[in-house]
Amino acid sequence: MVWDKGVPIKEALPTKSAAPTTSQSPSPNPSASSNSTASARPTATISSSPQAPVKVLFAKSQDVARESTVVINGKDQYGRPLSVAFTRSKTSLIALDASCTHAGCIVRPEGKELSCPCHYSIFDPESGKPGNPSQQGAYPLSRLEVLEESGSIYLLLN
């Protein structure tokens with residue numbers, strides 16, 4: 048077994064344990080008084096509503112020209128860096144996480160594709176699907192929920 052950056056760890060050996068013992072639990076007394084009050088049972092509270100997405104201002108509408116793809120660097124709702132590939136068609140705006148699913152490098156628009164500069168993987172800018180036959184089994188880029196209103200582009204993040 049290997050753990051912690053290749054440092055071998057000794058395997059655990061079985062230890063001797065004490066023999067199991069049996070003990071009798073008190074049995075309920077059928078003649079017990081019926082005046083006793085029932086004890087409160089804990090109840091679980093389950094929320095059926097998932098956490099609402101957080102609306103994060105990410106770019107201005109003018110930053111993504113019609114029929115183009117751009118990668119914009121910004122921050123998520125926790126202030127962590129987030130790179131997003133935006134593709135604007137004639138009728139829609141699509142947002143994909145721009146981190147390559149292979150090694151996490153940020154993809155770049157190249158012609159009609161998104162290309163990873165680290166290992167030359169390519170992705171479709173509208174679906175996020177890998178586009179190179181040698182990428183069989185590769186994962187698509189994650190699609191992000193996007194909202195455009197009043198000249199601003201928002202991501203709806205969970």
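Each residue of the sequence shown is one higher than the one before, counting from 48 in this note's numbering. Even glycine gets a Cβ: it sits at the ideal position worked out from N, Cα and C. Remember, predicted model here, so these are calculated numbers, not experimental data.
- For Y21, which residues from the same chain have a beta carbon less than 6 angstroms from its beta carbon, with the 5 sequence-adjacent residues on both sides left out? Look at the range of the chain in this structure, 48 to 205, and you will see that residue 21 is not part of it.
- Message: Restricting to runs no shorter than 3 residues, where is the beta strand (DSSP E) found entirely within the stretch 97-148?
- Response: If we require 3 residues or more, the beta strand (DSSP E) runs fully inside the stretch 97-148 come out as 101-107, 115-122, 128-135 and 140-144.
- Item | Nearest candidate by alpha-carbon position, reference E173, set A99, V118 and G184 | Along the sequence shown, read from residue 1 onward, the residue named residue 173 stands at position 126. E173 has its Cα closest to that of V118, out of A99, V118 and G184.
- Message: Given this structure, state the Cα-to-Cα distance separating S189 from P128, to the nearest angstrom.
- Response: Taking the first residue of the sequence shown as position 1, residue 189 is located at position 142. Taking the first residue of the sequence shown as position 1, residue 128 is located at position 81. Approximately 16 angstroms, taken between the alpha carbons.
- Task: Leaving out five residues on either side along the sequence, give the residues of the same chain with a beta carbon under 6 angstroms from the beta carbon of V131.
- Result: For the purposes of this step, residue 131 is taken as residue 84 along the sequence shown, with counting starting at 1. I119, A142 and A145, listed in sequence order.
- Query: Does L104 have its Cβ less than 8 angstroms from a Cβ in chain D?
  - Reply: The structure shown has no chain D; it contains just one protein chain.
- Item | Span of the beta strand (DSSP E), counted from its first residue to its last, around Y167 | In the sequence shown, residue 167 corresponds to position 120, counting from 1. Taken as a continuous stretch (DSSP letters only), Y167 belongs to no beta strand (DSSP E), as it is neither H nor E.
- Message: Based on DSSP bridge pairs, tell me the residues matched to P187.
- Response: As a working mapping, residue 187 is identified with position 140 in the sequence shown. None; P187 has no bridge partner.
- Query: By the 10 Å Cβ neighbour count, where 16 or more other Cβ atoms means buried, how is V154 classified, buried or exposed?
  - Reply: As a working note, residue 154 is residue 107 in the sequence shown. Buried.
- Item | CA-to-CA distance, A150 to I56, given in whole angstroms | Translated into the one-based positions of the sequence shown, residue 56 becomes position 9. Translated into the one-based positions of the sequence shown, residue 150 becomes position 103. Unreliable positioning characterises I56 in this predicted model, as indicated by a pLDDT of 46, which lies under 50. A coordinate reading is not provided.
- Buried or exposed: S168, going by 16 or more other Cβ atoms within 10 Å of its Cβ? Locating residue 168 in the sequence shown gives position 121, where the first residue counts as 1. S168 is buried by the Cβ-count criterion.
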